[in-house]
Amino acid sequence: MQGGSSGIGYGLKYQARCISDVKADKDHTSFLTGTLSLKEENEVHLLRLSSGGSELLCEGLFSHPNEIWDLASCPFDQRIFSTVFSTGDSFGAAVWQIPEPYGQSNSSTLECVASLDAHVGKINCVLWCPSGKSDKLISMDEQNLVLWSLDSSKQSAEVLYKESAGMRHSLSGGAWNPHDLNSVAATSESSIQFWDLRTMKKVNSIERAHVRNVNYNLKREHILVSADDESGIHIWDLRKAKVPVQELPGHTHWTWAVRCNPEYEELILSVGTDSAVNLWFASASSEKKTSESLVEASRLRVNPLLNSYTDYEDSVYGLAWSSREPWIFASLSYDGRVVIESVKPFLPRR
Amino acid sequence: MATEAAPMDEKAKRMRDLLSSFYAPDPSISTSGSSISASFDNINSTSFDADQYMDLMIKKSNLEVLLQRHVQMAAEIKNLDTDLQMLVYENYNKFISATDTIKRMKSNIFGMEGNMDQLLHKIMSVQSRSDGVNTSLFEKREHIEKLHRTRNLLRKVQFIYDLPARLQKCIKSETYGDAVRFYIGAMPILKVYGDTSFQDCRRASEEAIEIIIKNLQTKLFSDSESIQARAEAAVLLKQLDVPVDSLKDKLLEKLEQSLDGLQIKPEEASLLAEHNDSSNDAESNEQLPAKIHEDAVRGFSEAMRAYREIFPDSEERLFKLAKALTAMHFENLELYIRKRVSAADFLRIFRIIWEDVILMDEVLPEAELSDLSAEAAQVTVKKFVARTFSHLQQDISDTILKFDINQKEAVEEEVLKVVLEASKKAGIQGTTDIFQDFRQLLDENIGIFVKMKDLIIGWIQNGFQDFFRSLEAQFLALSGKTSSSKDIEGGLVEGKSSDKIHAGLILVLAQLSVFVEQKVIPRVSEEIAASFSGGNSQAFENGPAFIPGELCRVFHAASEKLLQHYIDTRTQKISVLLRKRFKTPNWVKHKEPREVHMYVDMFLHELEEVGKEVKQVLPQGTFRKHKRTDSNGSNTTTSSRSNTLHNDKMTRSNSQRARSQLFETHLAKLFKQKVEIFTKVEFTQESVVTTTVKLCLKSLQEYVRLQTFNRSGFQQIQLDIQFLKAPLKETVEDEAAIDFLLDEVIVAASERCLDVIPLEPPILDKLIQAKLAKSKEHNNNNNNTVSS
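Protein chains in written order, with the working numbering: chain A, 1 to 350; chain B, 1001 to 1788.
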């Protein structure tokens, strides 16, 4: 730890892109992160914040066969998580289980629960059903959307549906709507698409080019936040999807990812390739806000940027709120540094 | 001396007391006055007891004192004696002189009674004589009076006999006024004796009067007669007891109709204004519309005056008419200023209207026309001010959009520069004109303007505030920075789809904002301070007036936003280019690099375009030369460092390489001071270009990081970047940062490469030289085609 940052740091051995909150761990604030190294032995780290909140401890260190491009923790079992990995010329996705008893660093091999091997192209992400109980999974490659049913006892995953989005739309990522479990948002080159999982059809879309990341507001239905390469962050009301409800300037370079706080609906975090994490206060996520008052707000020149954490050496790609302590978030920069920060000073007064 | 003065005083006091007691009618009062100092040993008090005093004296004093006292007392007694003697003598004298006077009076009165009797007798005789004269003249006087009365009667009779003839004469000479006067004079007699002795006369004169009435009525209704004459006729008719109500109605209707003629129609208004202009040198020309109008209004007001006198009960209706005329005037004025009108023209028309109003106000002061028109005038002037501002805004946006048609050539020919200069000029000229106009408004000394001065100043200040605010909003809307939400509600950009605006124009807008902030607003605030201050008190009621500080902030923010937006749109374009480049090929199965890839050309071309646009619009950075040499010095060190890094990399064995390489880059980063990539953009050519290049290189790095390369793929990247190095450095201010970023791209590619073996420098050189030669040839060809 150098510099004046208040955060708690932890260094991975290699470069890394993804970090995930372990939502199922009710007793601790923990995060899972995986490294991205083309030539070395990749690792998955299970990190836990000490009870005092002053230290970040490595609870488990597991080797992973390939470089990890995406990682998501299972919402109902803290030992299970999914990864998307690359061998260099091909991609794969799998669900893993941390061996029992975890926490002792000697048991370092992961058990593969299921391999999600219905893809051919570049796999983007694996999404867990946000209900917290359902064993449904979605994996996405550039052309296809696959819905899986996971049976962890039988150590297998079944393809329920597989639907092609078409050659023209190369999908790049997505988010599962926490308010409507039949709806999934997927980002493609030219738009944000909304899929209905019952029919596996595209039902709606927002025309917006180069959206890199989307995230649903967990507290407010119909509110979706998107991050673009160039034009920052947009907040959408899905019922009036023509025009964004609010725009935030985003980052100096690309805005890589956005995350809405699971508890405080106005707080939004974003990370960008300008080596910064920005904390935003988006009061306009309330539906009452009309475009006029938006204009009015811009007149008043209220700065929605609450804070910018800039103590990073490289682009920041990984970002996760803790669902257990919603004022804590973890960020991961490309050089493999995990930083845990608390936004307590910026929490809105209730 | 003092000891002497005291007894002297005492003595005088005692004298006064004594005298006053002597003259006082009641001794008790005088004693009460002096009793404060009185004791039993006071010789002046009434309760003075000589024996007791004597006893006290003898007891208290020795012989010497007693002797002294004796001498003193004897002297005092002597003094008192003489005083008393004097008093008695004086009083006696006065008594004697009084007696003398009385004696003289008695002798004077004697003999006066006889004179009085004589006087009475004489007055009596005067009275009797005057009575005699009076009685002797009485008869004659009576006779004279009788004769005089008869004569008067005869004259009257004569007048009545002559009446018909006289009336006829009047008809002939059309002096109806006299005729009516005669007739009315004769009326009482005709009424009494008309049935008997003057029957013929009466009939004849009535006939004449009939004719007169008829004539008068025709006169009243004939349009050829002057309004004044007609009004006179109406007065006469009224005197003749002819029922006039129906006449009145008809007349008023006519007056109403004549209102139309008095309108200043918007089409004519300009004519009116123009002609008014030239009226100075052609005074005699009767056809001038302004003059005609003035005469018409004058006639109208005269008629109103006459009608008012004739028909006192018709005031209401006249009020209505006058108000209608005023309202109409102002409505027309409003219509008129809907088009572009200079303040001079506006004022000219306004002056005409105001004169009309004053004319009518003189005639009908009760109609409160001035109040009505003051209100209307306020509204109109306010609208005029608002309209002037909107015209200015329209002007500026027109100049900006005028050149928008030929977008492609914008880069080649210096269209952007032209646009910028034109809109700058429009801004400055526009504000100057506006000030001139407003100064005219303020200088105008029509009463109403003097009254409204404060209000007008308030409006102007508010107007400027609103103007700049909406100008800023329009700039942002024009640039398409504010997303479609604003376009839907705003409609500011008429018909132009704002999102298709040329990127260069955004730059122009940015620079224009700076210009507004630095030049126009200070100028305006100066002007306001110079000639439009003082209206504050009024303006504060409805929000703040002109606040240059706030506006400067607004425009500063806008300029930065617009500049950022320009860079964004530019980098977005390049980003699309890069995205395509990295998404399409399969980098893992890349073939050996044969030449520098196409996209580098396109990238450089885009940068060139940016450079050209920027050169047209933005000023050059002042420290360019200085910085350049500076960074040149540092440049060599950084590049040498990165070179050694590369050399090291190459010599390492494959297995060890990646790990150590990562370690090394980290180490290098630790020791290299962190290069600030994302610095604040400044309004200079170099800063904008540099920022664009930086952002693009960063994008390039990010795209590279998302791919996995084989050896050839890495070599291709290496080649491209190596080629980029030279031209980028030429265009860019901050060479260290560019070097850093280019190195970063190569590092990123090597990290994402399965098998890192860089190209040998000679091969690299050769390929680059080939590319350079090719592009030179291409350029030559291009030039040839252009020249031929």
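We treat Cβ as the ideally placed atom computed from N, Cα and C, and that holds for glycine. As the structure is a computational prediction, the values presented were derived from the model and not from experiment.
Just confirm the distance between the C-beta atoms of residue i and residue j, as a whole number of angstroms; I'd bet it's less than 8 Å.
i	j	result
L1416 of chain B	E1613 of chain B	6 Å
V1180 of chain B	L1240 of chain B	6 Å
E158 of chain A	S152 of chain A	In fact, because the Cβ distance is near 12 Å, the residues do not count as touching under 8 Å.
L305 of chain A	N261 of chain A	Not a contact, Cβ separation roughly 15 Å.
Y216 of chain A	N182 of chain A	Not a contact, Cβ separation roughly 14 Å.
A1503 of chain B	R1439 of chain B	About 40 Å separates the two Cβ atoms, so there is no contact after all.
F85 of chain A	E67 of chain A	6 Å
T1399 of chain B	A1422 of chain B	5 Å
Between the Cα of residue i and those of the options, spot the shortest distance and give me the residue it belongs to.
i	options	result
E1595 of chain B	B:I1717, B:K1561 and B:V1508	B:I1717
I1209 of chain B	B:C1201, B:Y1183 and B:F1198	B:Y1183
K1383 of chain B	B:V1341, B:R1155, B:L1719 and B:I1353	B:V1341
S190 of chain A	A:L56, A:P178, A:S54 and A:G166	A:G166
T1584 of chain B	B:Y1703, B:L1505 and B:I1506	B:Y1703
H1293 of chain B	B:F1095, B:D1356 and B:E1302	B:D1356
K1725 of chain B	B:F1603, B:V1681, B:L1512 and B:A1377	B:F1603
Q1465 of chain B	B:A1510, B:D1162 and B:V1516	B:V1516
H64 of chain A	A:C58, A:A282 and A:T87	A:T87
T199 of chain A	A:I206, A:K162 and A:V225	A:K162
K240 of chain A	A:L224, A:S172 and A:S131	A:L224
L267 of chain A	A:Y312, A:A320 and A:D274	A:A320
L1359 of chain B	B:L1577, B:A1296 and B:N1462	B:A1296
V354 of chain A	A:T310, A:G272, A:W327 and A:W280	Missing from the structure shown is residue 354 of chain A; chain A here goes from 1 to 350 and no further.
G53 of chain A	A:R220, A:F329, A:D335 and A:E43	A:F329
Y334 of chain A	A:D27, A:T33 and A:G7	A:T33
R1166 of chain B	B:L1153, B:A1186, B:H1148 and B:N1152	B:A1186
Quick one: what's residue i bridged to in DSSP?
i	result
R337 of chain A	A:G11
W148 of chain A	A:L137 and A:V159
V271 of chain A	A:A257 and A:V277
N204 of chain A	A:F194
W1354 of chain B	According to DSSP, W1354 of chain B bridges with nothing at all.
I19 of chain A	A:T33
Q97 of chain A	A:I80 and A:E111
L332 of chain A	A:G318 and A:V338
How would you write the range of the beta strand (DSSP E) that residue i sits in, first residue to last?
i	result
D1601 of chain B	No beta strand (DSSP E) holds D1601 of chain B; the alpha helix (DSSP H) holding it covers M1598 to V1617.
E111 of chain A	E111 to S115
A185 of chain A	S183 to T187
E43 of chain A	N42 to L49
N1044 of chain B	Element bounds for N1044 of chain B: n/a, residue is neither H nor E.
I351 of chain A	Because chain A here runs from 1 to 350, residue 351 of chain A falls outside it and cannot be looked at.
Y309 of chain A	L305 to Y309
I68 of chain A	E67 to S73
Return the first residue and the last residue of the alpha helix (DSSP H) that residue i is part of.
i	result
F85 of chain A	Taken as a continuous stretch (DSSP letters only), F85 of chain A belongs to no alpha helix (DSSP H), being part of the beta strand (DSSP E) at I80 to S86.
W256 of chain A	No alpha helix (DSSP H) holds W256 of chain A; the beta strand (DSSP E) holding it covers T255 to C260.
K1561 of chain B	P1548 to K1583
R1203 of chain B	Q1199 to F1221
H58 of chain A	With the sequence shown as reference, residue 58 of chain A is identified as Cys, and His is not the correct amino acid for it. Run containing C58 of chain A: none in the alpha helix (DSSP H); it sits in the beta strand (DSSP E), L56 to H64.
V1065 of chain B	L1063 to I1109
V1588 of chain B	No alpha helix (DSSP H) holds V1588 of chain B; DSSP gives it neither H nor E.
V316 of chain A	Run containing V316 of chain A: none in the alpha helix (DSSP H); it sits in the beta strand (DSSP E), V316 to W321.
L1056 of chain B	A1050 to K1060
G173 of chain A	No alpha helix (DSSP H) holds G173 of chain A; the beta strand (DSSP E) holding it covers G173 to W176.
F1138 of chain B	M1112 to S1173
M167 of chain A	Element bounds for M167 of chain A: n/a, residue is neither H nor E.
P345 of chain A	First-last for P345 of chain A: undefined, no H or E at that position.
T1432 of chain B	V1415 to D1443
Can you give, in chain order, each stretch of the beta strand (DSSP E) that sits fully within the region 209–248 of chain A and has at least 3 residues? Listed in chain order, the complete beta strand (DSSP E) runs (minimum 3 residues) inside the region 209–248 of chain A are 211–216, 223–228, 233–237 and 246–248.
For the region 1684–1699 of chain B, which residues have a CB atom closer than 8 Å to at least one CB atom of chain D, in sequence order? This model lacks chain D altogether; the protein chains it does include are A and B.
At 4 residues or longer, what runs of the alpha helix (DSSP H) sit wholly inside the region 1676–1726 of chain B? Within the region 1676–1726 of chain B, the complete alpha helix (DSSP H) runs of at least 4 residues are 1685–1705.
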